[in-house]
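Only one structure is covered here, and it is reproduced in the block below.
In UniProt numbering, the protein residues as written are 1 to 151.
Below is the structure:
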(Lines of atoms letter the chains of each structure in order from A; the text may use other names.)
(Lines give C-alpha, C1' and ligand atoms only; values in the text may rest on other atoms or scores of the structure.)
Protein backbone atom coordinates (compact mmCIF):
# COMPACT_ATOMS: atom_id res chain seq x y z
CA UNK A 1 0.00 0.00 0.00
CA UNK A 2 2.99 2.29 -0.10
CA UNK A 3 3.08 2.86 3.65
CA UNK A 4 6.09 3.09 5.93
CA UNK A 5 6.20 1.24 9.25
CA UNK A 6 5.32 3.64 12.04
CA UNK A 7 3.93 6.27 9.67
CA UNK A 8 1.09 8.17 11.36
CA UNK A 9 -2.17 7.55 9.54
CA UNK A 10 -2.96 11.27 9.77
CA UNK A 11 -0.06 11.85 7.35
CA UNK A 12 -1.84 9.93 4.59
CA UNK A 13 -3.62 12.14 2.05
CA UNK A 14 -6.61 10.76 0.16
CA UNK A 15 -7.96 11.46 -3.30
CA UNK A 16 -11.43 10.03 -2.80
CA UNK A 17 -13.81 9.42 0.07
CA UNK A 18 -16.57 6.87 -0.43
CA UNK A 19 -19.54 6.60 1.94
CA UNK A 20 -22.24 4.05 1.39
CA UNK A 21 -23.23 1.10 -0.69
CA UNK A 22 -24.69 -1.96 1.07
CA UNK A 23 -22.19 -1.62 3.93
CA UNK A 24 -22.36 1.65 5.87
CA UNK A 25 -25.04 3.01 3.56
CA UNK A 26 -27.86 2.69 6.13
CA UNK A 27 -29.80 5.78 7.16
CA UNK A 28 -27.93 5.79 10.50
CA UNK A 29 -24.61 5.82 8.64
CA UNK A 30 -25.67 8.71 6.42
CA UNK A 31 -26.91 10.66 9.44
CA UNK A 32 -23.62 10.02 11.19
CA UNK A 33 -21.50 11.21 8.26
CA UNK A 34 -23.79 14.22 7.71
CA UNK A 35 -23.41 15.24 11.36
CA UNK A 36 -19.67 15.59 10.81
CA UNK A 37 -19.96 17.24 7.39
CA UNK A 38 -22.71 19.73 8.24
CA UNK A 39 -21.47 23.30 7.82
CA UNK A 40 -18.13 22.15 6.46
CA UNK A 41 -16.66 21.62 2.99
CA UNK A 42 -14.89 18.76 1.29
CA UNK A 43 -11.18 19.62 0.96
CA UNK A 44 -9.84 20.87 -2.36
CA UNK A 45 -8.65 17.99 -4.51
CA UNK A 46 -10.80 15.41 -2.70
CA UNK A 47 -13.76 13.74 -4.39
CA UNK A 48 -16.46 12.49 -2.02
CA UNK A 49 -19.15 10.10 -3.21
CA UNK A 50 -22.19 9.28 -1.06
CA UNK A 51 -24.22 6.25 -2.13
CA UNK A 52 -27.26 5.17 -0.07
CA UNK A 53 -27.55 1.44 0.57
CA UNK A 54 -31.03 1.15 -0.94
CA UNK A 55 -33.72 3.19 -2.66
CA UNK A 56 -35.66 3.23 0.61
CA UNK A 57 -32.66 4.69 2.45
CA UNK A 58 -32.13 7.24 -0.33
CA UNK A 59 -35.75 8.39 -0.10
CA UNK A 60 -35.56 8.71 3.68
CA UNK A 61 -32.26 10.60 3.45
CA UNK A 62 -33.77 13.04 0.95
CA UNK A 63 -36.83 13.45 3.18
CA UNK A 64 -34.50 14.31 6.10
CA UNK A 65 -32.44 16.69 3.95
CA UNK A 66 -29.23 14.68 4.26
CA UNK A 67 -28.64 14.87 0.51
CA UNK A 68 -28.52 18.66 0.83
CA UNK A 69 -25.96 18.45 3.66
CA UNK A 70 -23.70 16.33 1.47
CA UNK A 71 -24.07 18.37 -1.70
CA UNK A 72 -23.67 21.69 0.16
CA UNK A 73 -20.32 20.38 1.42
CA UNK A 74 -19.25 19.46 -2.11
CA UNK A 75 -19.95 15.72 -2.07
CA UNK A 76 -21.58 13.86 -4.95
CA UNK A 77 -24.99 12.43 -3.98
CA UNK A 78 -25.60 9.23 -5.96
CA UNK A 79 -28.41 6.78 -6.58
CA UNK A 80 -28.42 3.64 -4.46
CA UNK A 81 -26.07 0.98 -5.80
CA UNK A 82 -22.57 -0.46 -5.69
CA UNK A 83 -20.65 2.52 -7.08
CA UNK A 84 -17.05 2.60 -5.90
CA UNK A 85 -17.37 -0.40 -3.62
CA UNK A 86 -17.07 -2.83 -6.48
CA UNK A 87 -14.78 -1.00 -8.88
CA UNK A 88 -16.55 -2.46 -11.92
CA UNK A 89 -17.95 0.83 -13.16
CA UNK A 90 -16.56 4.31 -13.89
CA UNK A 91 -16.32 5.07 -10.14
CA UNK A 92 -12.78 3.73 -9.75
CA UNK A 93 -9.47 4.88 -8.35
CA UNK A 94 -6.66 5.54 -10.78
CA UNK A 95 -3.38 3.71 -10.10
CA UNK A 96 -1.71 5.18 -7.00
CA UNK A 97 -4.79 7.03 -5.78
CA UNK A 98 -5.99 6.53 -2.21
CA UNK A 99 -9.52 6.16 -0.92
CA UNK A 100 -11.04 6.35 2.54
CA UNK A 101 -13.97 4.00 2.11
CA UNK A 102 -16.81 2.74 4.27
CA UNK A 103 -17.06 -0.40 2.12
CA UNK A 104 -16.37 -3.77 3.70
CA UNK A 105 -13.41 -4.98 1.63
CA UNK A 106 -10.09 -3.52 0.58
CA UNK A 107 -8.30 -6.28 -1.28
CA UNK A 108 -5.92 -5.26 -4.05
CA UNK A 109 -7.72 -3.70 -6.99
CA UNK A 110 -11.14 -3.64 -5.29
CA UNK A 111 -11.75 0.03 -6.12
CA UNK A 112 -9.61 0.17 -9.23
CA UNK A 113 -6.35 -1.35 -10.43
CA UNK A 114 -3.46 0.11 -8.45
CA UNK A 115 -5.79 2.00 -6.09
CA UNK A 116 -5.23 1.96 -2.34
CA UNK A 117 -8.22 1.68 -0.05
CA UNK A 118 -8.36 2.43 3.67
CA UNK A 119 -11.50 1.14 5.42
CA UNK A 120 -13.07 3.69 7.76
CA UNK A 121 -16.33 4.46 9.57
CA UNK A 122 -18.83 6.99 8.18
CA UNK A 123 -17.75 9.67 10.69
CA UNK A 124 -14.06 9.11 9.94
CA UNK A 125 -14.86 9.25 6.22
CA UNK A 126 -16.55 12.64 6.64
CA UNK A 127 -13.69 14.07 8.74
CA UNK A 128 -11.21 12.73 6.20
CA UNK A 129 -13.12 14.41 3.37
CA UNK A 130 -12.98 17.75 5.20
CA UNK A 131 -9.28 17.59 6.07
CA UNK A 132 -8.02 15.78 2.96
CA UNK A 133 -6.11 13.16 4.93
CA UNK A 134 -7.07 10.26 7.17
CA UNK A 135 -8.64 11.92 10.20
CA UNK A 136 -10.97 11.52 13.13
CA UNK A 137 -13.89 13.87 13.83
CA UNK A 138 -11.88 14.92 16.92
CA UNK A 139 -9.24 16.33 14.53
CA UNK A 140 -11.64 18.98 13.23
CA UNK A 141 -10.77 22.36 14.71
CA UNK A 142 -14.22 23.09 16.08
CA UNK A 143 -14.87 19.44 17.03
CA UNK A 144 -18.59 20.22 17.15
CA UNK A 145 -19.69 16.76 16.12
CA UNK A 146 -22.61 14.94 17.66
CA UNK A 147 -23.55 11.34 17.11
CA UNK A 148 -27.18 11.19 16.01
CA UNK A 149 -29.64 9.09 17.97
CA UNK A 150 -29.74 5.57 16.59
CA UNK A 151 -26.29 5.75 15.01
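We treat Cβ as the ideally placed atom computed from N, Cα and C, and that holds for glycine.
CA-to-CA distance, residue j to residue i, given in whole angstroms
i	j	result
residue 10	residue 136	9 Å
residue 29	residue 94	26 Å
residue 180	residue 39	A question about residue 180 goes unanswered here, because the residues of the chain that appear run from 1 up to 151.
residue 57	residue 72	19 Å
residue 138	residue 34	15 Å
residue 18	residue 122	9 Å
residue 23	residue 102	7 Å
residue 99	residue 66	22 Å
residue 117	residue 53	19 Å
Assumed close pair residue i, residue j - CB separation to whole angstroms, cut-off 8 Å
i	j	result
residue 46	residue 126	Actually they do not touch by this definition, with Cβ atoms about 11 Å apart.
residue 78	residue 49	6 Å
residue 51	residue 20	3 Å
Same chain, Cβ closer than 8 Å to residue i, neighbours up to 5 away in sequence not counted
i	result
residue 132	13, 14, 43, 44, 45, 46
residue 149	Low per-residue confidence applies at residue 149: pLDDT is 45, beneath 50, and the placement is therefore not dependable enough to give any value.
residue 69	34, 37, 38
Sheet register partners of residue i (DSSP bridge)
i	result
residue 97	Residue 97 is not bridged to any residue.
residue 116	98
Notebook entry, point to check: Mind pulling the alpha helix (DSSP H) runs of 4 or more residues that sit fully within the region 1-68?
Noted result: 27-37, 55-64
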